[in-house]
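Chemist: Just so we're aligned: 366 in UniProt numbering is position 366 of the sequence shown, and the numbers increase by one with no gaps anywhere.
Glycine is no exception: its CB is placed at the ideal position from the N, C-alpha and C atoms.
Remember, predicted model here, so these are calculated numbers, not experimental data.
Would you mind keeping the following structure in view while I ask a few things?
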Amino acid sequence: MTGAISKEGEPNGATTSPEEIKLEEMEERGQWRNKMEFVLSVAGEIIGLGNVWRFPYLCYKNGGGAFLIPYLIFLFTCGIPLFFLETALGQYTSQGGVTAWRKICPLFEGIGYASLVIVVYLNVYYIIILSWALFYLFSSFTSVLPWASCNNPWNSDLCVDILNRSGLDNRTLPANAASSMIEFWEKRVLGLTDGIHKLGTVRWELALCLLLAWIICYFCIWKGVKSTGKVVYFTATFPYVMLLILLIRGVMLPGAAEGIIFYLKPDISRLADPQVWMDAGTQILFSYAICEGCLTALGSYNKYTNNCYRDCIMLCSLNSATSFVAGFAIFSVLGFMAREQGVPISEVAESGPGLAFIAYPTAVTMMPVSQLWSCLFFLMLIFLGLDSQFVCVESMVTAIIDMFPGVFRKKGRRELLILAIAVMCYLLGLLLVTEGGMYIFQLFDYYAASGTCLLFLAVFEVVCIGWVYGANRFYDNVEDMIGFRPWPLIKICWLVFTPGLCLAWLPLGCPDVCVFCSPGCLPVFPDQVHTLEIQQFLRVPTLGLHAGLADGTLLHGLYSSLCHFHPPENQRTPETGTGTVVTGRVAVAPPDGSGWAPGRGYTAHFSSEKARAGESCPSPGCSVDLVGSLESSEGLSTAPRLIIQCPVFHGVLHHHAQYSI
């Protein structure tokens, strides 16, 4: 057998086809360079502002140490099982938050889209907190903290100095008196209006801080996991250094012991209140970034054999431990603040923005070298929020690129996509930095990504994996990746405990409609507010119905959309395979007869006198496209490619892999 090789290295002067050019132009998807990059990225995402300003407040409000009982119950029955499910799903499919569910079961593809919408909301409003923190940080570089006194242009006649308030008798204060800290927050930072019906103008200082936050976020992820993996070494570890410094400083203050006792003193009677259990479950879902698609996206960049089970257990332990320790740092300072002002700790303890931008800065002004402690605190907040923000953006980018790889997996396209997302979210975020933007922020915070939405998606996730796909089958897939089967309790949680608790808790999770306005202004009507939640509920069944109708009749479509329940016996993944042309039919198989893994390209070396385009593999649905010609087994390294499009039945995946000479 002889072959004619052209000057370009192609037999018979064959030219490269458009299909081959298209494949060569697509960039590789990328992987974490090592386990530490993955661990730090996930830690940066899940360990955020909620660990500092929400968990300690919920702990003291809901019975102190007694709150740990419902918290740990939800952690082991919902938090860890769902956290592991999403991470393992991403690693198994090597796909983002939408296409992972599409591949595992098209009927439940709506889970991915609903998570994507939640992430869009988060990307718009979560970064607003960073703009506030940047504003406070820049304001801290003064000889006297601007919120420490009433000698500022924005202060009113009813302003009360923070440092002098302890010496005043409450009976001498007007009923509508406000501290200098509150006036700084409401008048200087926010320029707060009377209600949501009066948005007012954009606060240009906040708009510039928001722009700076988006610029930093952009350059953290613009090169994908290559840049993200480097940045997280600093952004995920620096907050721990700051938290440790603030903790040491806090416990040395007078009154710290009273604050810590107030934080942990158990009140078992509070466990009879359903609100306590609802708060515990909500905190688990929010703190662990469950049902947001972020864990799936981050896990998709792992190596196929990475021990994601061990990583998840370690990360969940780290997250909860950080929340618990942060309570000591916060309440030691609040105990000092209450002692200095001569008031009960319950009067100074707040949650959310009230803690970060009112209570803690107030306590800072009472410390020596207050500017230093203010800078350290707001630097900690910025880095806690920054990596949570850019990982959310990364998960959104990953989902879009995996949905349209032919469009975005080309040189320069990813950077343009991130830029477009950043510009769009920045422009939408300008509404939240207007004088009435705080009311819109509260609407987003309460309803756009509420516990009800996350509960709803959590139920669908465990139903899809546990009951439709099959918990045992997914355990087989996990065993193929990590080499052993995880603890059986996780599978039991997927089947029973997680859906049971979420369904039982779902009616309690529906938040009441809050009216974010002052007396006399226009109210926020329930129908308007709950639209943000209802759209999430409808997205999963609507897209499931669409998947069912995609192939014609509803019954046939639903059957097809449940995917292919025929995984091979052995799913170990070789990196190369061999093929043999027999009577014009191409057989593609790994050397040891095991299955192929999704998300990878393989090289199949063929030896035959002839291969013709249009021949089919033994597996159903395969097609062969011969690019150029193959007349000889000589010079195979430079021969034209034989492109074989073939569904790979790996679990229930219908993955179109590329095999070429």
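(1) Should the region 334 to 351 be regarded as contacting the region 264 to 275, the criterion being three or more beta carbon pairs within less than 8 Å?
(2) Helix, strand or coil for Cys291? Go by DSSP, reduced to three states.
(3) What runs of the alpha helix (DSSP H), each 4 residues or longer, lie entirely inside the region 342 to 371?
(4) Please report the straight-line C-alpha distance between Tyr426 and Thr201, rounded to a whole angstrom.
(5) With distances taken Cα to Cα, identify the nearest neighbour of Leu247 among Asn319, Leu334, Leu210 and Ala272.
(6) With DSSP as the reference, label Thr434 as helix, strand or coil.
(7) Could you tell me which of Met481, Phe460, Tyr113 and Ala471 sits nearest to Cys502, measuring between CA atoms?
(8) Are the beta-carbon atoms belonging to Glu45 and Ser287 less than 8 Å from one another?
(9) Is Gly195 helix, strand or coil by DSSP?
(10) Note down, one range per segment and in chain order, each alpha helix (DSSP H) of at least 4 residues found wholly within the region 244 to 329.
(11) Could you have a look at Ser139 and say whether DSSP puts it in helix, strand or coil?
(12) Report yes if the CB atom of Thr322 is closer than 8 Å to the CB atom of Asn123, and no otherwise.
(13) Quick one: what does DSSP say Val124 is sitting in, helix, strand or coil?
(14) Going by DSSP in three states, Cys159 sits in which element: helix, strand or coil?
(15) Grab me the residues of Met403's own chain with a C-beta within less than 8 Å of its C-beta, minus the 5 sequence neighbours each way, in chain order.
(16) Expressed to the nearest angstrom, what Euclidean distance is found between the alpha-carbon atoms of Thr77 and Pro70?
(17) What span of residues does the alpha helix (DSSP H) with Val462 cover, start to end?
(18) So, Gly195 versus Gly354, is the Cβ gap smaller than 8 Å?
(19) Would you tell me roughly how many angstroms separate the C-alpha atoms of Leu212 and Met252, rounded to the nearest one?
(20) Whole angstroms is fine: what's the gap from Pro368's alpha carbon to Cys291's?
(21) At a cut of 8 Å, does the region 249 to 264 reach the region 303 to 323 through at least three beta carbon pairs?
(22) Quick one, which of Ser227, Pro81, Val117 and Asn151 has its alpha-carbon nearest Arg33's?
(23) Can you find at least 3 beta carbon pairs, one from the region 142 to 162 and one from the region 176 to 183, that sit closer than 8 Å?
(24) Mapping the DSSP letters down to three states, classify Ala178 as helix, strand or coil.
(25) According to DSSP, Val231 sits in a beta bridge with which residue or residues?
(26) So, helix, strand or coil for Val144, using DSSP?
(27) Are Ile128 and Gly352 closer than 8 Å when you measure CB to CB?
(28) Using only CA atoms, which one of Ile382, Leu130, Leu89 and Tyr126 lies nearest to Ile111?
(29) What residues in its chain sit with their C-beta under 7 Å from that of Cys209, if we drop five residues either side in the sequence?
(30) What does residue 662 pair with, by DSSP beta-bridge criteria?
(31) By alpha-carbon positions, which one of Ala349, Ser300, Lys223 and Arg188 ends up nearest to Tyr263?
(32) In chain order, which continuous runs of the beta strand (DSSP E) of length 3 or greater are located wholly inside the region 67 to 105?
(33) Less than 8 Å separating the beta-carbons of Leu417 and Val397?
(34) Below 8 Å on the Cβ atoms is my contact criterion, and I expect Trp147 with Thr365 to pass it. Report the Cβ-Cβ distance as a whole number of Å.
(35) What is the DSSP secondary structure of Ala114, reduced to helix, strand or coil?
(36) Taking Pro488 as part of the alpha helix (DSSP H), name the residues at either end of that continuous run.
Modeler: To lay it out plainly:
(1) Too few Cβ pairs lie closer than 8 Å, so no.
(2) Coil, per DSSP.
(3) Counting whole runs of 4 or more residues, the region 342 to 371 contains the alpha helix (DSSP H) stretches 360 to 365.
(4) Taking the straight line joining both Cα atoms gives about 16 Å.
(5) It is Leu334.
(6) In this structure, DSSP gives Thr434 an extended state, which the three-state scheme calls strand.
(7) The residue with the shortest Cα to Cα distance from Cys502 is Phe460.
(8) No, Cβ-Cβ distance for Glu45 and Ser287 is not below 8 Å.
(9) Strand, per DSSP.
(10) Fully contained in the region 244 to 329 are the following alpha helix (DSSP H) runs of length 4 or more, in chain order: 256 to 264, 274 to 287 and 294 to 299.
(11) Correct three-state label for Ser139: helix.
(12) Not in contact: Thr322 and Asn123 (Cβ atoms no closer than 8 Å).
(13) Three-state DSSP puts Val124 in a helix.
(14) In the structure shown, Cys159 sits in a strand (DSSP, three-state: E or B).
(15) In the same chain as Met403, and ignoring 5 residues on each side of it, the C-beta atoms closer than 8 Å to its own belong to Gly96, Val98 and Thr99, in chain order.
(16) Using only the alpha carbons, I get a separation of about 11 Å.
(17) Per DSSP, Val462 belongs to the alpha helix (DSSP H) from Gly451 to Val462.
(18) No.
(19) So the two alpha carbons sit approximately 35 Å from each other.
(20) A straight-line Cα-Cα distance of about 44 Å links Pro368 and Cys291.
(21) These segments do not touch.
(22) Ranking Ser227, Pro81, Val117 and Asn151 by Cα distance to Arg33 puts Ser227 first.
(23) Output reads yes: the region 176 to 183 touches the region 142 to 162.
(24) Of the three classes helix, strand and coil, the one that applies to Ala178 here is strand, per DSSP.
(25) When DSSP reads this structure, Val231 sits in no beta bridge, so it has no partner.
(26) Note: Val144 maps to coil in three-state DSSP.
(27) No, these two residues do not count as a Cβ contact at 8 Å.
(28) Out of Ile382, Leu130, Leu89 and Tyr126, Leu89 has the C-alpha closest to the C-alpha of Ile111.
(29) Cβ within range, chain order: Ser131, Leu134 and Phe135.
(30) Absent from the model: residue 662. The displayed extent of the chain is 1 to 661, so no value can be given.
(31) Nearest C-alpha to Tyr263: Ala349.
(32) Those beta strand (DSSP E) runs which fall completely within the region 67 to 105 and span 3+ residues do not exist here.
(33) Leu417 is a Cβ neighbour of Val397, given a cutoff of 8 Å.
(34) With 8 Å as the limit, Trp147 and Thr365 qualify as a contact, their Cβ atoms being about 7 Å apart.
(35) In this structure, Ala114 counts as helix in the three-state DSSP scheme.
(36) That run of the alpha helix (DSSP H) goes Pro488 to Ile492.
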